[in-house]
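Notes for the one structure printed next.
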Amino acid sequence: MQQKLAKGIDGALAWLNGVEALLERHRERLDAINVFPVPDGDTGTNLHLTAREAARGAWEAFDDGADDVGSILHAAAESALDNARGNSGTILSVFLIGFAEPLAAASRLNLPRFAEALERGQLRAWSALTDPVPGTMPTAMSAAARAAADALHDDEVTGGEPESRAALLAGLERAVTAARAAVVRSESELETLTAARVVDAGAVGFLLVLEALRAALTGEEVPDGVLAEFGTHQPAAAHHQVPGEIQDGVEVMCSMDLDPLGAATLRGELAGLGDSVVMSPLPRPGSGDAEDLDREAESQEAVRWRIHVHVPAADPVLQLLNGYGSPDNVTITSLSSAEPCR
């Protein structure tokens, strides 16, 4: 479906379909350059499978009568997050949660909404990480958000009409350019990427998300050479371990209900057991203003969280989780083979 995003729901569905297809097309390449946080060669696969869940959730919402862009994207993000695959898939899902918030009840996308959506998305992504690392996917998200915000306040971009289609196209172009530059910089920002002579696979995945958005907006195909400037690295023989990162253990993911105090305490305990801790709540549909993050932190109500951690062994973390409630949708995957353990 190559309908224009300005048409609202059709465009949102086209974007999510495009993200899934583009990540599938480049899945093997992203897997090949995956060296951070662990060289388990599955970033492309995890992003593609997570994007597939996002598209599925969006179409289910559409079939159930969702009638605005925000509702469609929120359903996509919720489905993606509750079924996210890996560190990269979780971060992408969290970004989508934030991206959908300012679009609640919106009939179409424009530059002001796009800039705010990018800002909320990158804030969500950074806040979900216990130990955020520059040069990764959230860095590319932040670069895109800054570029869109700058474009919104640039009369040469908006021509005095920030809500016009032309302004949206120009702002999106700047966001894509900024994300691409962040991908290029990632190789020099992380020692493990420099040693392997690759750019960050997750950041490339996010660039493809923006490229799919541009394709949905313009009706044009994403060119086959969209990643040509990043070379054809063969890092399988050059995987390098990040000091302190777990490589021979397992990745544990689950969903569970937690109140704010329980979530904060659990985050600290998970960080003591392992690394690559990512935790994000699933906000309720329609939560879209700029104070939502603060309200969530102050609320004493339990909400559903998606949890991700790398640990040496699964049993200690499962015992910990059971002490906080009843985890469900649990997956345990070997970090050395990227194969499910149980």
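With the UniProt record's numbering, letter number 56 in the sequence shown gets 56, and the count goes up by one each step, no holes.
Every residue gets a Cβ at the ideal spot worked out from N, C-alpha and C, and that includes glycine.
Every value quoted in this text rests on a predicted model; they were computed, and no experiment measured them.
Terminal residues of the alpha helix (DSSP H) in which residue i lies
i           : result
residue 74  : 69-82
residue 9   : 9-25
residue 60  : 43-63
residue 88  : 86-100
residue 264 : 260-273
Residue(s) in a DSSP beta bridge with residue i
i           : result
residue 307 : 254 and 279
residue 334 : 250
residue 315 : Looking at the DSSP assignment, residue 315 forms no beta bridge with any residue, so it has no partner.
residue 328 : 255
7 Å Cβ shell around residue i - same chain, five flanking residues per side excluded
i           : result
residue 170 : 151 and 157
residue 316 : 273
residue 271 : 130 and 277
residue 117 : 99, 102 and 103
Close-in-space but distant-in-sequence residues of the same chain around residue i (CB under 8 Å, 5 per side omitted)
i           : result
residue 256 : 304, 305, 307, 321, 324, 325, 326, 327 and 328
residue 155 : none
residue 244 : Any reading at residue 244 must be qualified, since the residue scores a pLDDT of 44, below 50, and its modelled position is unreliable; the value itself is stated next. 275.
residue 56  : 79
beta-carbon residue i near the ligand MG non-hydrogen atom, thresh 7 Å
i          : result
residue 15 : As for the ligand MG, it is missing from this structure, which has no ligand bound.
Contact set for residue i: own chain, Cβ-Cβ below 6 Å, skip 5 residues either direction
i           : result
residue 149 : 115
Runs of alpha helix (DSSP H) lying entirely within the stretch 179-216, each at least 4 residues, in chain order: Counting only runs of 4 or more, we get 191-196.
The stretch 116-134 contacting the stretch 84-101, beta-carbon criterion three pairs below 8 Å: yes
Segment contact, 8 Å Cβ cut-off, at least three pairs: the stretch 73-83 with the stretch 27-47: no
Runs of beta strand (DSSP E) wholly within the stretch 115-191 (minimum 3 residues, chain order): none
At least 3 beta-carbon pairs within less than 8 Å: the stretch 186-195 vs the stretch 128-146: yes
Meets three-Cβ-pair contact criterion under 8 Å: the stretch 316-336 and the stretch 248-267: They touch, by the three-pair rule.
The stretch 196-216 touching the stretch 23-32, judged by at least three CB pairs closer than 8 Å: In this structure the stretch 196-216 touches the stretch 23-32; the number of beta carbon pairs closer than 8 Å is three or more.
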